[in-house]
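Colleague:
Residue numbers (UniProt numbering), protein chains in the order written: chain V, 1 to 276; chain A, 1 to 288.
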C-alpha cells in the first residue's frame, strides 16, 4: 500500500514542482523565444508561443547597431579583471588566516565583512570625485579596482571557508618531512585549494558581471559593460521587443550557463559559510 | 605550533587585503562625512564652506524624505515577505521525492543570474507594457481592462520584479537548510499521528529559523541598496523613490553633494543597524 501512495505522491509532487519551476523560469524562456521572432510577431495578440518563423534578424540588427562586441569585451575585462585581482590579494590573506590563526583572526574576518555592508550610494560622490581626479571616469581600470574591492570580503571569506577544511595534519606531516614554506604552498596546498579557488572565481565573476550600481554610474561610452548596454534600451528602443530580447539574451546567456555550474557554491559563498 | 617566523609571514600575507579594504572603507567614508557638513555644489560655486548640521536637518525635513523612507520600507518588507514565504513553500516542495529534481532546481534558480537591468527591462516592456505586454494580453483575454503597471501599481510592480530576482536566493538557502533536517524526526512525529501542518510548525520551522534569519538579514542589506530596478523602470517616479534613489538624485542629478552626503550618512547608519545583527550570527558560527 505504502508504495502505491508514494508513487502517486511522487507524481503529484513532480507535476506541481515542474509547473512552478516553469512559471518562475518563464520570463527568461519568453525573452529567449521572443528574440527569434520578428517585431510584428513579438507583440502579436494572442501571443505566439512556438509556431512562428524563427529568425536571426534581431541578433544581426543588435550587433550592427550597437557595437555589442565592445560592451561584451568591457564586461569580460571588468568582471574577469576584478575577480582575478581579488583572488590574487585574497589567497595569501585567507591562507594565513586559515593556517596561522591568531586571536584577532575572527575580528579581522568580521571587519572585512562589515565593509561589504557599506551602502554604495553613501560613498557615491567621493568615488566619483576620486575617479575624476585621477582621470579614471568611464575607464575600465576604475571599475576593475572598485568591483575588486567590493567583492574582496566575499572572496576572502569563501577562500577562508575552503582552506579551513584542508586538514592541518597534512601540513604538519609535510613540515616534519622538511618541506619549506614555499614547497608547502606549491605542492600540498595549491592542489588541494584549486577546487575552492575555482568556485570562488566563478561566483565572483557572476557577481561582478551583474553589478549594476557602479557600472551604471561611473561609465559613459568607453568602459560601459553589458549592464549599461541594456539600460540604454530603457526608452524608447525598449519598445522593440524582439531586439530588446535579443540584446538581453546575449547579455545573460554566458552567466546563466556559468551560474548553473556554480549553484552548489552559491549557498556557502553568499551566506559567508553560515549555511552549508 | 606556529613559529614566530610563520606568524610574521602570515601578517605580511594579510597586509595587502587589510590595507586595501581599510582604504576602501575609510577614504570615501571620511570624504562623505566631510561633505555632509558643507554646502557643496560642484556646478554652482563648488565648496561654499561649513554649515554644521544644516544638511542633516534639511535632508530629513525635505518633503521627499518621508515618502522615500516609506517606499524603501515597502519594497524591502514586501520583497522579504514574498521571498521568504514562497521560499519556504518551494524549499519544502523541492525537498520531496520527484522526477527531474535537478532540472526543476535549475529552473527555479535561474532568475538570480539575470543581471538587474535585464530583468527590470524585460518585465517593464514585455510583461508590464499596458498595450503590448504579455500581462495586458492576459487581462484582455479575460475581458478586463489592462493595467498600466508601472504608473498605476508602481510599488506592486517593483516588488514583483525584485521578488522574482530574489526568490531563488531564499529558496536555495532554505532548501540547503531543510536538507540537513533529520528525516527520522519527521517520520517519528508522523507515526505518532502529528498532522502535516503541526509537523511543519513544530519541527521544520524551528529547524529553519537560523537560515530564515540569515536570508532576512542578507536580503535586507541588498534590498536597501537596490538601484538598477528603479533606474530603468520608473526612474523614481510614481512613489517609488527609495532612500538610495533619493540620495543618487541629490548627488548626481541635482549635484547637491552636501545634502546628498548627509543622506548617505543616514543610509550608512541604517545599513549598519541591520549589519550588526547579521554579524552576530555569522560570528557565532565562526566559533563552532
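No residue lacks a Cβ here, since even glycine has one placed at the ideal position from N, Cα and C.
Do residue 252(V) and residue 155(V) have their beta-carbon atoms positioned less than 8 angstroms apart in this structure?
Modeller: Not closer than 8 angstroms, so no.
Colleague: Does residue 261(V) have its Cβ less than 8 angstroms from a Cβ in chain A?
Modeller: no
Colleague: Rounded to whole angstroms, what is the Cα-Cα separation between residue 1(V) and residue 11(V)?
Modeller: Because the pLDDT at residue 1(V) is just 43, under 50, the model does not fix this residue reliably, and the point stays unresolved.
Colleague: My output table needs one value for residue 100(A): the three-state DSSP class, helix, strand or coil.
Modeller: Looking at residue 100(A) - three-state DSSP - the assignment turns out to be coil, as it is neither helix nor strand.
Colleague: Please list, in chain order, the residues of the stretch 209-230 of chain A that have any C-beta partner in chain V closer than 7 angstroms.
Modeller: 211, 214, 218, 221, 224, 225, 227, 228
Colleague: Using a cut-off of 7 angstroms between C-beta atoms, extract the partners of residue 96(A) located in chain V.
Modeller: 13
Colleague: Take residue 93(A) as the anchor and find which of 217(A), 188(A), 171(A), 284(A) has the nearest alpha-carbon.
Modeller: 171(A)
Colleague: May I ask you to check if the CB of residue 230(A) is nearer than 7 angstroms to at least one heavy atom of the ligand ZN?
Modeller: Judged by which ligands are present, the structure shown has none, so any question about the ligand ZN falls away.
Colleague: Starting from the C-beta of residue 228(V), find all residues in its chain whose C-beta is less than 8 angstroms away, skip the five residues before and the five after it, and write them out in chain order.
Modeller: 71, 215, 216, 219
Colleague: Can you list, in chain order, the residues of its chain whose CB lies under 7 angstroms from that of residue 170(V), leaving out five sequence neighbours each side?
Modeller: Excluding residues within five positions, the ones whose Cβ falls inside 7 angstroms are 188.
Colleague: Listing by chain order, which chain V residues have their CB less than 9 angstroms from the CB of residue 234(A)?
Modeller: Per Cβ cutoff of 9 angstroms: no residues; residue 234(A) is ~11 angstroms from chain V at best.
Colleague: Per DSSP, residue 46(A) is paired with what?
Modeller: 41(A)
Colleague: Any beta-carbon of chain V closer than 8 angstroms to the one on residue 31(A)?
Modeller: yes
Colleague: Classify residue 243(V) as helix, strand or coil using the three-state DSSP reduction.
Modeller: helix
Colleague: Considering only the alpha carbon of each residue, which of 7(V), 96(V), 34(V) lies closest to residue 5(A)?
Modeller: 96(V)
Colleague: Would you identify the three-state DSSP class for residue 107(V), choosing helix, strand or coil?
Modeller: helix
Colleague: Indicate whether at least one CB of chain V lies closer than 8 angstroms to the CB of residue 264(A).
Modeller: yes
Colleague: Which chain V residues are close to residue 260(A), counting only those with a beta carbon under 8 angstroms from its beta carbon?
Modeller: 124, 125
Colleague: Applying the criterion that 16 or more other CB atoms from any shown protein chain within 10 Å of the CB defines a buried residue, is residue 44(A) buried or exposed?
Modeller: That one is exposed.
Colleague: So, residue 108(A) versus residue 78(V), is the Cβ gap smaller than 8 angstroms?
Modeller: At a Cβ-Cβ threshold of 8 angstroms, residue 108(A) and residue 78(V) do not count as neighbours.
Colleague: Quick one: which chain A residues come within Cβ less than 9 angstroms of residue 233(V)?
Modeller: Residues of chain A with a Cβ closer than 9 angstroms to the Cβ of residue 233(V) are, in chain order, 117, 121, 125, 232.
Colleague: Say whether the stretch 210-227 of chain A touches the stretch 267-276 of chain A, bearing in mind that this needs 3 or more beta-carbon pairs closer than 8 angstroms, one atom from each stretch.
Modeller: yes
Colleague: According to DSSP, simplified to helix, strand and coil, what is residue 101(V)?
Modeller: In the structure shown, residue 101(V) sits in coil (DSSP, three-state: anything other than H, G, I, E or B).
Colleague: Near residue 58(A), what residues of its chain come up, given a Cβ to Cβ distance below 8 angstroms and the 5 sequence neighbours on each side ignored?
Modeller: 259, 262
Colleague: Classify residue 241(A) as helix, strand or coil using the three-state DSSP reduction.
Modeller: Coil at residue 241(A), not helix or strand.
Colleague: Note down, one range per segment and in chain order, each beta strand (DSSP E) of at least 3 residues found wholly within the stretch 208-233 of chain A.
Modeller: none
Colleague: What does a CB cutoff of less than 8 angstroms around residue 108(V) pick up in its chain, not counting 5 residues either side in sequence?
Modeller: Excluding five sequence positions before and after residue 108(V), the CB atoms of its chain that fall closer than 8 angstroms to its own CB belong to 97, given in chain order.
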